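Asks: Mapping to UniProt numbering: the sequence shown position 66 is 66, numbers consecutive.
For each residue, glycine too, the CB sits at the ideal point set by N, CA and C.
The structure displayed is predicted, hence computed values, not measured ones.
Just dropping this structure here.
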Amino acid sequence: MVFYFTGTGNSLYIAKQIEKDPVSIPQVMRKDPLEFSAESIGVVAPVYGHEVPPMVKEFLRRGRFHTDYFYMILTYGNRHGGAAKLARQLCKECGISVHYINVVLMADNWLPSFDMEEQKKLDKKVEEQMEGICRDLKERRHWISPVTGADRAAHLEFLERMSRMPEDAWQHLLRVTDACVGCGICQKVCPSGSIHMGNGRAVHVPGNCQTCLACAHSCPQKAIGLTIPEKNPNARYRNEHIRLQEIIEANCQTSR
């Protein structure tokens, strides 16, 4: 049993390498109770600021996982900042015995820092990374990805920057421009229901936004931008192996 959270398809692609039909966390969160039993249970998620998204944290806190082997695979694009250690601590706080945590380097889709056209050109050897991970999982290896001093320094630097910003800063990162034609795709790819259609155009509602940027990356008009500068406002990203419809099916919180 494999659960996943995805904004632009990276983590979904990884989850599908492990199991043919992985389970969407945004969809399963509608269920109560969140109780699961399987020989092995895995969670595949991106890291934002070196930690899993808020919804994934809530899933782990609310969930009850009955298994002999629990693992996490974390996707990242530049620096993971000791994400495995942070995830292990989160599991401990949630009462989850985690046996394996690994990280996968992929395209970085964080628009303020990276040009998506350049990211698409990079070969980060994802398949080679996954060969080793899938072998580990098959063998039920017990292992946590190591954390270096550089990783710890990167995370401390991030926390220091965040301490100078308002607590809800990321809730106000998105803006809808006049280029919006009201197609509704942004609403369908939002995993937290933070976008709705009003008067024929998209409206972003802060409060529960996961900052996954699925809406910005999926908008065909590039009508959703950021309130801070982007590296390349004309470039967007979706994992080449994942269709838009798959992201909609994974994240949509309204009737389709």
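Is the Cβ-Cβ distance between MET65 and VAL28 less than 9 Å?
Replies: Start at 1 with the first residue of the sequence shown, and residue 65 comes out as number 65. Start at 1 with the first residue of the sequence shown, and residue 28 comes out as number 28. Sequence inspection shows Phe at residue 65; the Met mentioned does not correspond to that position. In this structure, VAL28 does not lie closer than 9 Å to PHE65 by Cβ.
Asks: Where does the unbroken beta strand (DSSP E) through MET197 begin, and where does it stop?
Replies: Counting from 1 along the sequence shown, the entry for residue 197 is found at position 197. Here the beta strand (DSSP E) through MET197 covers 195-198.
Asks: Does any residue of chain B have a CB that is nearer than 9 Å to the CB of TYR48?
Replies: Protein chains in the displayed structure number just one, and chain B is not present.
Asks: At what residues does the beta strand (DSSP E) containing ILE101 begin and finish?
Replies: Counting from one through the sequence shown, the residue named residue 101 turns up at place 101. Taken as a continuous stretch (DSSP letters only), the beta strand (DSSP E) holding ILE101 covers 100-105.
Asks: Buried or exposed for ARG243, going by 16 or more other Cβ atoms inside 10 Å?
Replies: Residue mapping note: residue 243 aligns to position 243 of the sequence shown, counting from 1. Its Cβ having fewer than 16 others within 10 Å, ARG243 is exposed.
Asks: Could you give the C-beta distance for VAL147 and LYS85, rounded to a whole number, given that I count them as a contact under 8 Å?
Replies: The sequence position of residue 147 within the sequence shown is 147, counting from 1. The sequence position of residue 85 within the sequence shown is 85, counting from 1. Yes, they are in contact, since the Cβ atoms of VAL147 and LYS85 sit about 5 Å apart, within 8 Å.
Asks: The alpha helix (DSSP H) that contains VAL28, what's its start and end?
Replies: The residue labelled residue 28 in the question sits at position 28 within the sequence shown. Per DSSP, VAL28 belongs to the alpha helix (DSSP H) from 25-28.
Asks: State yes or no: is the C-beta of CYS212 within less than 9 Å of the C-beta of THR75?
Replies: Working through the sequence shown from its first residue, we reach residue 212 at position 212. Working through the sequence shown from its first residue, we reach residue 75 at position 75. Against a cut-off of 9 Å, the Cβ pair of THR75 and CYS212 comes out as no contact.
Asks: Less than 8 Å between the CB atoms is what I'm expecting for CYS215 and CYS190, so what's the real figure, rounded?
Replies: Within the sequence shown, residue 215 is the residue found at index 215, counting from 1. Within the sequence shown, residue 190 is the residue found at index 190, counting from 1. That pair is a contact at about 6 Å.
Asks: Which runs of the alpha helix (DSSP H) at least 4 residues long sit entirely within the region 200-228? Give them in chain order.
Replies: As far as the region 200-228 is concerned, its whole alpha helix (DSSP H) runs of at least 4 residues are 214-218.
Asks: Hey, quick one: how far does the beta strand (DSSP E) through HIS66 stretch, first residue to last?
Replies: Looking up residue 66 in the sequence shown gives position 66. Segment 64-66, the beta strand (DSSP E) holding HIS66.
Asks: Is VAL104 near MET72, with beta carbons less than 9 Å apart?
Replies: Residue 104 sits at position 104 when you count from the first residue of the sequence shown. Residue 72 sits at position 72 when you count from the first residue of the sequence shown. Not in contact: VAL104 and MET72 (Cβ atoms no closer than 9 Å).
Asks: Are the region 176-192 and the region 158-166 in contact at 8 Å, needing three or more beta carbon pairs?
Replies: Too few Cβ pairs lie closer than 8 Å, so no.
Asks: Please name the residue, chosen from VAL205, ALA223, TYR237, GLY149, that lies closest to VAL181 on a Cα-to-Cα basis.
Replies: Locating residue 181 in the sequence shown gives position 181, where the first residue counts as 1. Out of VAL205, ALA223, TYR237, GLY149, ALA223 has the C-alpha closest to the C-alpha of VAL181.
Asks: Work out the CA separation of HIS50 and GLY31 for me, nearest whole Å.
Replies: For this step, residue 31 is matched to residue 31 along the sequence shown. For this step, residue 50 is matched to residue 50 along the sequence shown. It is Lys, not Gly, that sits at residue 31 in the sequence shown. Distance between the alpha carbons of LYS31 and HIS50: 28 Å.
Asks: Does the Cβ of ALA87 have 16 or more other Cβ atoms within 10 Å, making it buried, or fewer, making it exposed?
Replies: Counting from 1 along the sequence shown, the entry for residue 87 is found at position 87. By the 10 Å Cβ count, ALA87 comes out buried.
Asks: Taking the beta carbon of PRO33 as the centre, do at least 16 other beta carbons fall within 10 Å, making it buried, or is it exposed?
Replies: Counted from its first residue, the sequence shown places residue 33 at position 33. Looking at its Cβ environment, which holds fewer than 16 other Cβ atoms inside 10 Å, PRO33 is exposed.
Asks: With a threshold of 8 Å, are at least 3 pairs of Cβ atoms found where one atom belongs to the region 168-185 and the other to the region 136-151?
Replies: Verdict: no, contact absent.
Asks: Can you tell me where the beta strand (DSSP E) with PHE5 in it begins and where it stops?
Replies: Within the sequence shown, the letter at position 5 stands for residue 5. No beta strand (DSSP E) holds PHE5; DSSP gives it neither H nor E.
Asks: Kindly indicate which three-state DSSP category residue 257 falls into: helix, strand or coil?
Replies: This structure gives no information on residue 257, because the portion of the chain shown stretches from 1 to 256.
Asks: Can the beta-carbon of ASN109 be found less than 9 Å from the beta-carbon of GLY77?
Replies: On the sequence shown, residue 109 is found 109 positions in, with the first residue counted as 1. On the sequence shown, residue 77 is found 77 positions in, with the first residue counted as 1. In contact: ASN109 and GLY77 (Cβ atoms closer than 9 Å).
Asks: Which residues bound the alpha helix (DSSP H) around LEU174?
Replies: As a working mapping, residue 174 is identified with position 174 in the sequence shown. Run containing LEU174: none in the alpha helix (DSSP H); it sits in the beta strand (DSSP E), 174-176.
Asks: Per DSSP, what kind of secondary structure is GLY95 in: helix, strand or coil?
Replies: Numbered from its first residue, the sequence shown carries residue 95 at position 95. Coil.
Asks: Give a yes or no on contact between the region 200-210 and the region 35-43, applying the rule of three or more CB pairs nearer than 8 Å.
Replies: The answer is no - the region 35-43 does not touch the region 200-210, with fewer than three Cβ pairs under 8 Å.
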